[in-house]
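Protein chains in written order, with the working numbering: chain A, 14 to 369; chain B, 3 to 361.
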Amino acid sequence: MAGQKAAPLLKDELDIVIPTIRNLDFLEMWRPFFESYHLIIVQDGDPSKTIKVPEGFDYELYNRNDINRILGPKASCISFKDSACRCFGYMVSKKKYIYTIDDDCFVAKNPSGEDINALEQHIKNLLSPSTPHFFNTLYDPYRDGADFVRGYPFSLREGVPTAVSHGLWLNIPDYDAPTQLVKPRERNTRYVDAVLTIPKGTIFPMCGMNLAFNRDLIGPAMYFGLMGDGQPIGRYDDMWAGWCTKVICDHLNLGVKTGLPYIWHSKASNPFVNLKKEYKGIYWQEEIIPFFQSVTLPKECTTVQQCYIELAKLVKAKLSSVDPYFTKLADAMVTWIEAWDELNPSGDKLPNGAAK
Amino acid sequence: MAGERATPLLKDELDIVIPTIRNLDFLEMWRPFFQPYHLIIVQDGDPSKTIKVPEGFDYELYNRNDINRILGPKASCISFKDSACRCFGYMVSKKKYIYTIDDDCFVAKDPSGKDINALEQHIKNLLSPSTPHFFNTLYDPYREGTDFVRGYPFSLRGGEPTAVSHGLWLNIPDYDAPTQLVKPRERNTRYVDLVMTIPKGTLFPMCGMNLAFNRDLIGPAMYFGLMGDGQPIGRYDDMWAGWCTKVICDHLNLGIKTGLPYIWHSKASNPFVNLKKEYKGIYWQEEIIPFFKSVTLPKECITVQDCYLELSKQVKAKLSSIDPYFTKLADAMVTWIEAWDELNPSGDASTKLANGAAK
């Protein structure tokens, strides 16, 4: 097997969604790994600016004018002047899988000095089952050279379909503003060779920098909320999507993996700017987290859309007292689902069993 | 900090418990790391055999005669002809921390070729908090060079006291008999540089080969059950202790870490023998796991002993229908607590509030 380069997996079944306000030169470094795939570029900010995409990439690009044109009034649910706008790309995609990456994320190297094909690892993660019902101490049992350990119930060894693959970052870590202010020099240099399933019932902070998911299984839950222009909060888009997604995955018996692959995060965002954006979130998350930890969805909710609409109701009922923003957000969640269903009229596919 | 050798941490606060039926030559390899510590050797099998311990180690040794003498009738709760007997060592220890290791476990090397001081890593794990209430994607935030990530609630960043540190193994993986039969050549060669907290509400398969815990916080839950001679099951001792321990830790807001350190597991046990031992467990665990997942302990249970006795009641009530073994086991769980409290009369050591563990 050494030396063999297999055909790119899922070449015609996966879109790469990239939000940007600048040129996409970073794609040059990713060319060996991305060139076979279709890109969906969501251009934030000034729509009159031209985004330069390196030669040879197959892509569609949407700016704010396009978003407004395509969604009409429903465009109100898509954030402006925030990378949260990327979820528009998930909505317009026609593919089964999405990989999303930030434009300051580059190819990392593994400990043996080899370039990491992040997309390939995400695909492996998505195409093998997850194990949310019981913790395996050797982490992902479906990886080469590992398995379930003694004491792992046999009836649980088939696992459940994997909906999300959450990758990590070397170099600039994804810290909040207070941590960035206190530890400006800290870099993540630890390469942890693990993929693991986040157990059922456990919420996590989902980072949208290096993220892949099965759009058929969980797409409608990947709404990145109302952030940026005209909104009281920022840098909680992926967090919001992650909490909703995990609660719904737990309800629908889908798995979320985290760990490999790593990308190299090159740009440290400005902590003073970040603090302004996150400020309310620092307090709000103290109430949002217990809310999500206590959410139960009715058995009757059997599709992602149903779960999400129910979640929107609960958000409106229970979080509006925190701030009127949550009423707006709950409404936007509903708008998002309406827009999703409009653009994706086939609706409620059952999840495919994922092969080992 | 490079080149500095810190004093062995917790030198007078930690006992190393080793079950054995053979000589303890394996300790030679561990000498640089273990010699400052007191050992408790639990000799299983024939009590007339002499166990040779390498020179220079400070130890106490208990064979079956000692166990019978010390516990009298309560000795019935301690397994015979099974490494489960090791939990007797936990009971007689007077220290705050326990490290237990099997005698076929050797010093492993990290990817840079350096010998791994497993005990030191366990101590670091135990002395820093756990984070069971919310998952940190950079794993243990208290390790050097890392922290909590964006989106981690600030009110949870104090963490919880760590009760258990569960280490892993390179080389021979801890597989069950069916897996050993199907994959006899598989070796664990992947060094995963992480420590993480097992989230609240999640059960795990606890392996006793390379395990450390805070005896004050969780000791009485570390009963390794009825295995071996005269029992219908084996190789579920650590599993049983792990399920009980995790449920109780979740109830008492204590944390369990898993991951580093690695040891080198040298000996592959015989899969045919293992299958005989595990056979009933393969079926029983299908019912045991849902039982543990659904256990709730009353608010009134505030000590480990309270929790454990309550658990034993529920085991008797809900698992006896699987096999009469569970009635025996539930009774043995009670006997264990009685014996523990007799040998550890400060009694409410487990109600001590956990010391805030410094980062």
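A virtual CB, placed ideally from N, CA and C, is assigned to each residue, including glycine.
For residue i, which option in the options has the closest C-alpha, if you only look at C-alpha atoms?
i: residue 55 of chain B; options: B:42, B:66, B:67; result: B:42
i: residue 234 of chain B; options: B:176, B:314, B:215, B:329; result: B:329
i: residue 173 of chain A; options: A:273, A:267, A:154; result: A:267
i: residue 182 of chain A; options: A:93, A:272, A:344; result: A:272
i: residue 154 of chain B; options: B:50, B:135, B:29; result: B:135
i: residue 164 of chain A; options: B:173, B:240, B:156, B:160; result: B:240
i: residue 248 of chain A; options: B:177, B:244, B:161, B:152; result: B:152
i: residue 278 of chain A; options: A:326, A:197, A:184; result: A:184
i: residue 133 of chain A; options: A:147, A:55, A:157, A:112; result: A:112
i: residue 142 of chain A; options: A:198, A:84, A:127, A:226; result: A:226
i: residue 318 of chain B; options: B:30, B:175, B:331, B:168; result: B:331
i: residue 287 of chain B; options: B:245, B:31, B:308; result: B:245
i: residue 286 of chain A; options: A:29, A:194, A:77, A:76; result: A:194
i: residue 66 of chain B; options: B:60, B:59, B:50; result: B:50
i: residue 335 of chain B; options: B:306, B:208, B:253; result: B:306
i: residue 304 of chain B; options: B:270, B:295, B:256; result: B:256
Within the same chain, show all residues whose beta-carbon is closer than 6 Å to that of residue i, passing over the 5 residues directly before and after it, in chain order.
i: residue 338 of chain B; result: 79, 225
i: residue 237 of chain A; result: 97, 100, 250, 254
i: residue 104 of chain B; result: 211
i: residue 91 of chain A; result: 80, 98, 101
i: residue 115 of chain A; result: 222
i: residue 166 of chain B; result: 215, 258
i: residue 170 of chain B; result: 264
i: residue 120 of chain A; result: 42, 128
i: residue 73 of chain B; result: 341
i: residue 5 of chain B; result: Below a pLDDT of 50, predicted positions are generally treated as unreliable, and residue 5 of chain B, at 44, falls in that range; the measurement from the model is reported next regardless. Cβ neighbours of residue 5 of chain B beyond the five flanking positions: none.
i: residue 22 of chain A; result: 136
i: residue 17 of chain A; result: Below a pLDDT of 50, predicted positions are generally treated as unreliable, and residue 17 of chain A, at 49, falls in that range; the measurement from the model is reported next regardless. So the list is empty, once near-sequence residues are dropped.
i: residue 240 of chain A; result: 92, 95, 97, 247, 250
Between residue i and the rest of its own chain, which residues show a CB-CB distance below 8 Å, the 5 nearest in sequence each way excluded?
i: residue 88 of chain B; result: 19, 20, 21, 44, 102, 210, 226
i: residue 69 of chain A; result: 44, 48
i: residue 320 of chain B; result: 293
i: residue 15 of chain B; result: 97, 98, 99
i: residue 289 of chain B; result: 321, 324
i: residue 178 of chain B; result: 237, 276, 280, 284
Buried or exposed, going by whether 16 or more other CB atoms sit within 10 Å of the CB of residue i?
i: residue 359 of chain A; result: exposed
i: residue 352 of chain B; result: In this predicted model, residue 352 of chain B has a pLDDT of only 46, less than 50, meaning its place in the structure is not dependable; the value taken from the coordinates is given anyway. Under this definition residue 352 of chain B is a buried residue.
i: residue 87 of chain A; result: buried
i: residue 149 of chain B; result: buried
i: residue 200 of chain A; result: exposed
i: residue 330 of chain A; result: exposed
i: residue 298 of chain B; result: exposed
i: residue 145 of chain B; result: buried
i: residue 248 of chain B; result: buried
i: residue 27 of chain A; result: buried
i: residue 95 of chain B; result: buried
i: residue 28 of chain B; result: buried
i: residue 199 of chain B; result: buried
i: residue 186 of chain A; result: buried
Can you tell me which residues form a DSSP beta bridge with residue i?
i: residue 300 of chain A; result: Its beta-bridge partners do not exist; DSSP assigns none.
i: residue 223 of chain A; result: A:114
i: residue 255 of chain A; result: According to DSSP, which records beta bridges pairwise, residue 255 of chain A is partnered with nothing at all.
i: residue 153 of chain A; result: DSSP lists no partner for residue 153 of chain A.
i: residue 270 of chain A; result: A:178, A:210
i: residue 133 of chain A; result: Paired residues: none, contrary to the question.
i: residue 67 of chain B; result: None; residue 67 of chain B has no bridge partner.
i: residue 9 of chain A; result: Nothing in the structure corresponds to residue 9 of chain A, since chain A is present only between 14 and 369.
i: residue 19 of chain B; result: B:42, B:102
i: residue 260 of chain B; result: B:168, B:198
i: residue 315 of chain B; result: Answer by DSSP bridge pairing: none, since residue 315 of chain B is not bridged.
i: residue 61 of chain B; result: B:41
i: residue 29 of chain A; result: A:52, A:112
i: residue 343 of chain A; result: Looking at the DSSP assignment, residue 343 of chain A forms no beta bridge with any residue, so it has no partner.
Could you give the C-beta distance for residue i and residue j, rounded to a whole number, given that I count them as a contact under 8 Å?
i: residue 38 of chain A; j: residue 67 of chain A; result: 7 Å
i: residue 69 of chain B; j: residue 263 of chain B; result: Not really, about 30 Å apart at Cβ, beyond 8 Å.
i: residue 128 of chain B; j: residue 216 of chain B; result: 6 Å
i: residue 132 of chain B; j: residue 258 of chain B; result: 7 Å
i: residue 302 of chain A; j: residue 216 of chain A; result: 7 Å
i: residue 294 of chain A; j: residue 204 of chain B; result: Not a contact, Cβ separation roughly 27 Å.
i: residue 234 of chain A; j: residue 261 of chain A; result: 5 Å
i: residue 178 of chain A; j: residue 139 of chain A; result: 5 Å
Skipping 5 residues on each side, what residues in its chain have a beta carbon closer than 7 Å to that of residue i?
i: residue 161 of chain A; result: 149, 154, 170
i: residue 327 of chain A; result: 308
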